[in-house]
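Since the structure comes first, as C-alpha cells, the remarks are kept for the end.
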Amino acid sequence: MSDRKYLYTERAHYMCPNMHFGIVAEIEAEFDENRIIESIDVLKSAHPLMRSLIAEEQGSSRVYYEEQSELEIQVTIKKANDNWQTDYETVSSAGWNVQKEALLKVFAYPSESGTRILFITHHLLCDGRGLLQLVQEFADLYANDVKPHPVDEKLMESLNDLPGGSDLGFVSKLLIKDANRKWHKEGHKVSYEEYLKFERDHDSKQNIKREIKNIDEEELDTLLDLCRGNGVSINDYLVAKMMIDEGTDKVVIASDIRNKIKNYKEGALGNYATAFGVVVTKKCSEIFELAKAVDHEVRSIISKPDKEMLVLSCYFNMDPELLDSIAISTIGNFESKAGRFVGSKMFGYEKRDGHCITNLGRVESSVISEAIFIPPASPANRKAWGVLTINKKMRLCSIHSM
239 MSDRKYLYTE RAHYMCPNMH FGIVAEIEAE FDENRIIESI DVLKSAHPLM
289 RSLIAEEQGS SRVYYEEQSE LEIQVTIKKA NDNWQTDYET VSSAGWNVQK
339 EALLKVFAYP SESGTRILFI THHLLCDGRG LLQLVQEFAD LYANDVKPHP
389 VDEKLMESLN DLPGGSDLGF VSKLLIKDAN RKWHKEGHKV SYEEYLKFER
439 DHDSKQNIKR EIKNIDEEEL DTLLDLCRGN GVSINDYLVA KMMIDEGTDK
489 VVIASDIRNK IKNYKEGALG NYATAFGVVV TKKCSEIFEL AKAVDHEVRS
539 IISKPDKEML VLSCYFNMDP ELLDSIAIST IGNFESKAGR FVGSKMFGYE
589 KRDGHCITNL GRVESSVISE AIFIPPASPA NRKAWGVLTI NKKMRLCSIH
639 SM
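Counting the sequence shown from 1 gives a position; the numbering used here is that position plus 238.
In C-alpha cells:
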C-alpha cells in the first residue's frame, strides 16, 4: 500500500528501551472525567498517528504505522492526592509493546487549579515539541472547546527531505557501510518478541531518580537579563551550567527542525527534531564565559547541515534491522558485533555516561498555568534535563540514571 507511513528515522526508537517521555500540566478548568475522555477521543480523530499501532510488513524488513479504527487510548482517572511521579514510574518500569498498546497514555487528577493532566508518549508518536502541541490542543479543547484542525502527518522518508548538504561525510559513510556489510554477513535479526523480553527485563531493573527545580518569574527575569547582557540565550546558559555541574565538556541538545525540512505540515505529530553534541574543551572560569563558548559552537553546528543533521543522516544510511539490534546487542544478550560496535562507538550505549538537554521553549497560555517536561531516559545518558517555561514559570526536570 503506497499510503502506508513507514518508520525511517523513527526506526531508531522502535527497539530501544526508555523511548518515552511526558508532560504534566495544570489546567485551569473544572475537573470533568467524561470531558477528559471525550477530549482525548477528539484529539485521536484529528491525528492519524494517535490511532495507530506499529506493524511489521509481511515478507519485508519494513515497519509502519497501522491505523486502528477502534484503538483505545489508556486514560486513567486518579485522585487528587495521587502522585503523578509514581504513575510515570509505573509506566517506565513496565515496558511498552507498541504493536499492541497505543502510543499515548493519559492520567488525570483533580487539583487546586482544576485539572492536572499527565501525558506519557512513546517517541514513535512525536518529539518533545509535538507532545507540547498535543497538551496545548487538549487544554484548549477541554477548557474552551477549541477543536484541533485535523492534519495528515507526513514523516521524513529520505535524505531528500533534509536540507541540502545533510548527507554524511566520507569517513562516517564508510563506517556505516562497513557496519551494514558486517551486519548482513552475520545473517540474523532481532525479533520484536525477543526485544520485548529484553526491554521488560531492562525496565524492571532500572533506577532513575527524578527531581524538579522551579524557577519562577522574578528569578527567570533576572536570569534572562543576565543572558541578554552577555549576548547568550537561556539555552546556552543551561548547557554551560550542566557542563559545570556535571564536570563534562560535552552536552547533547535537541534541535527543532520543523522550519528547515521540506515536508512538515503545521500541527502534525511525528518526529521533526535532530540532536547534536556541543563540545567545549577550553577551560572557562565563569559560567557566562562558558555560555559564550557554547553559543559559538552551536552557531557553528547549525550553520552546517551535515553537522546539525548528522544523527538523522546516520539513521537514513543504516540498515533498519541493524538499527533494531543496537540496544539489545550493546546492553542486552543478543550477539552482534556490528550492533555492539554501533551501539558502543557511535551511540554511547556501552559507557552510558552522556549528558543531554531538551528545552521546549517558552509558551504563554490562558488555560495552562504551569507544566513540567519529563525527558526520555535514553540508554546513552547518565543525566538529562527537560526544560519548559509556561507563563514565565520555568520548570527543570532532571533525571539521573543511577
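Every residue gets a Cβ at the ideal spot worked out from N, C-alpha and C, and that includes glycine.
Contact set for residue i: own chain, Cβ-Cβ below 6 Å, skip 5 residues either direction
i: Y553; result: T247 and A250
i: N597; result: N473 and V625
i: D494; result: R367 and A511
i: K631; result: D454 and E608
i: Y430; result: none
i: A263; result: I355, V373, I606 and A609
i: W421; result: D557, L560 and A576
i: M239; result: A caution first: M239 carries a pLDDT of 43, below 50, which makes its placement in the model too unreliable to give a value.
i: D562; result: M253 and V428
i: V580; result: A417 and I564
i: S551; result: S404, D405 and L406
i: V313; result: I275, I278 and V344
Proximity of residue i and residue j at Cβ, strictly below 8 Å
i: F345; j: L363; result: no
i: A513; j: P255; result: no
i: E527; j: K427; result: no
i: W322; j: H258; result: no
i: I311; j: V329; result: no
i: L507; j: H360; result: no
i: I595; j: L476; result: yes
i: R578; j: P617; result: no
i: V301; j: Y244; result: yes
i: S404; j: L397; result: yes
i: H638; j: M480; result: no
i: K488; j: V532; result: no
i: G570; j: F436; result: yes
i: I525; j: A478; result: yes
i: A267; j: A381; result: yes
Reduced DSSP secondary structure (H/G/I, E/B, other) of residue i
i: K479; result: helix
i: N335; result: coil
i: M239; result: With a pLDDT of 43 at M239, under the threshold of 50, the predicted position of this residue should be treated as unreliable, though the coordinate-derived value follows. Three-state result, M239: coil.
i: C254; result: coil
i: A506; result: coil
i: R354; result: strand
i: E449; result: strand
i: L634; result: strand
i: H440; result: helix
i: A513; result: strand
i: E327; result: helix
i: D416; result: helix
i: T519; result: coil
i: W486; result: Checking the displayed sequence, the identity of residue 486 turns out to be Thr instead of Trp. In the structure shown, T486 sits in coil (DSSP, three-state: anything other than H, G, I, E or B).
i: S574; result: coil
i: N398; result: helix
i: I610; result: strand
i: G599; result: strand
i: G198; result: Here the chain covers residues 239 to 640 and nothing more, so residue 198 does not appear.
i: N619; result: strand
i: G368; result: helix
i: I644; result: Lying outside 239 to 640, the shown extent of the chain, residue 644 is not represented and no answer is given.
i: E457; result: helix
i: D533; result: helix
i: N408; result: Note on residue identity: the sequence assigns Phe, not Asn, to residue 408. The answer is helix: DSSP assigns F408 an H, G or I state.
i: V384; result: coil
i: I499; result: coil
i: F269; result: coil
i: G592; result: strand
Presumed contact (8 Å Cβ cut-off) between residue i and residue j, rounded CB distance
i: G366; j: F611; result: 6 Å
i: K411; j: N319; result: Actually they are not in contact, since the Cβ atoms of K411 and N319 sit about 55 Å apart, beyond 8 Å.
i: I265; j: A377; result: 5 Å
i: K221; j: M640; result: Lying outside 239 to 640, the shown extent of the chain, residue 221 is not represented and no answer is given.
i: L369; j: A340; result: Contact flag wrong, Cβ pair sits at about 14 Å.
Proximal residues to residue i (C-beta, below 8 Å), its chain only, five neighbours per side dropped
i: R633; result: I450, K451, N452, I453, E608, A609, I610, F611, V625, L626 and T627
i: L379; result: S277, V280, L281, K385 and P386
i: S307; result: R289
i: I499; result: M394, D399, L400, P401 and Y510
i: S538; result: K545
i: S331; result: D441, S442 and Q444
Contacting residues, own chain, Cβ-Cβ under 7 Å from residue i (five flanking each side not counted)
i: L548; result: F514
i: T519; result: D487
i: L434; result: G333 and N335
i: Y303; result: K243, L287, S290 and I292
i: E375; result: L281 and P386
i: E588; result: T568, G581 and S582
8 Å Cβ cutoff, residue i in contact with chain D
i: T324; result: This model lacks chain D altogether; it includes just one protein chain.
*So, do the stretch 618-634 and the stretch 380-394 have three or more beta carbon pairs nearer to each other than 8 Å?*
No, the stretch 618-634 does not touch the stretch 380-394.
*Counting pairs of beta carbons, one from the stretch 292-300 and one from the stretch 259-276, are three or more of them closer than 8 Å?*
No contact exists between the stretch 292-300 and the stretch 259-276.
*asked:* Check whether the stretch 456-470 and the stretch 568-575 are in contact - that is, three or more C-beta pairs closer than 8 Å.
replied: Taking one beta carbon from each stretch, the stretch 456-470 and the stretch 568-575 have fewer than 3 pairs nearer than 8 Å; the two do not touch.
*Can at least three beta-carbon pairs, one atom from the stretch 440-448 and one from the stretch 589-604, be found at a separation below 8 Å?*
No, because fewer than three Cβ pairs between the stretch 440-448 and the stretch 589-604 fall closer than 8 Å, the two stretches do not touch.
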